[in-house]
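Here is the structure we will look at.
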Amino acid sequence: MAPALAQAQAAIAQARICARATGEPGIAACRRALELGLPPARQPPVEATLAARLASLQRWDEVVEVYRGAIARRPADGQARLRLGAALLHMQDRAAEAEPVLREAARLSPEDAEAHVLLGEALARLDRAPEAVAAFEEALRREPTVLDRRPAARAVYEAARRGQRWPPS
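Under our numbering, the first residue of the sequence shown is numbered 123, with each subsequent residue one higher.
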């Protein structure tokens with residue numbers, strides 16, 4: 123068997139273990155699947171599983187690194203950027219770092235309302251209300267009901283529309 127084929131098969135085997143195993147063995151299998159060069163189409167579910175397992179353990183820095191790795195492997199993947207931006211914004215409260223990542227996610231996936239919502243949230247946290255309003259309104263143009271299922275984001279949007287700081291001091 124050719125070494126490349128053997129490595130690809132090993133990566134897929136690790137991805138299967140990743141999906142089934144829990145705790146540290148599951149985390150290790152997910153990491154190993156990605157390290158072995160899992161095919162790009164199979165990477166996002168493994169990354170999501172790995173990130174969810176790490177988040178459940180409150181290992182926020184490692185969640186961020188999962189998505190930084192995803193972007194390194196797939197630079198044009200808007201969803202990987204969206205997930206990194208969300209992790210920076212919501213898990214680490216790093217709006218300034220999240221903003222350019224989310225702006226790029228919105229550029230790469232312009233029809234994705236969620237990218238615009240998260241960008242709006244980041245801009246509001248940076249006290250850039252007019253830009254936040256524009257991002258939220260772009261999200262609403264893309265998907266008019268996007269804020270119906272996101273009451274916290276709606277509150278951020280309403281505060282930005284009033285020119286108020288978010289979160290309130």
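Note that CB positions come from ideal geometry on N, CA and C, so glycine has one too.
Residue i, DSSP secondary structure in three states
i: residue 214; result: coil
i: residue 285; result: coil
i: residue 167; result: helix
i: residue 306; result: As shown, the chain starts at 123 and ends at 291. That puts residue 306 outside it, with no answer to give.
i: residue 269; result: helix
i: residue 248; result: coil
i: residue 147; result: helix
Reference residue i, options the options, closest by Cα
i: residue 227; options: 128, 133, 237; result: 237
i: residue 149; options: 171, 222, 270, 254; result: 171
i: residue 214; options: 199, 134, 242, 181; result: 181
Residue interval of the alpha helix (DSSP H) (run including residue i)
i: residue 68; result: The displayed coordinates of the chain run from 123 to 291. Any statement about residue 68 would go beyond what the structure contains.
i: residue 232; result: Taken as a continuous stretch (DSSP letters only), residue 232 belongs to no alpha helix (DSSP H), as it is neither H nor E.
i: residue 206; result: 200-208
i: residue 135; result: 125-142
i: residue 159; result: First-last for residue 159: undefined, no H or E at that position.
i: residue 264; result: 251-264
Cβ neighbours of residue i in the same chain (closer than 7 Å, five flanking residues each side left out)
i: residue 217; result: 211, 244, 247, 248
i: residue 154; result: 136
Neighbourhood of residue i by C-beta distance below 8 Å, restricted to the same chain and skipping five residues each side
i: residue 173; result: 185, 188, 189, 205, 209
Cβ shell of residue i (< 6 Å), same chain only, five flanking positions each side left out
i: residue 195; result: none
i: residue 279; result: 258
i: residue 288; result: 246, 278, 281
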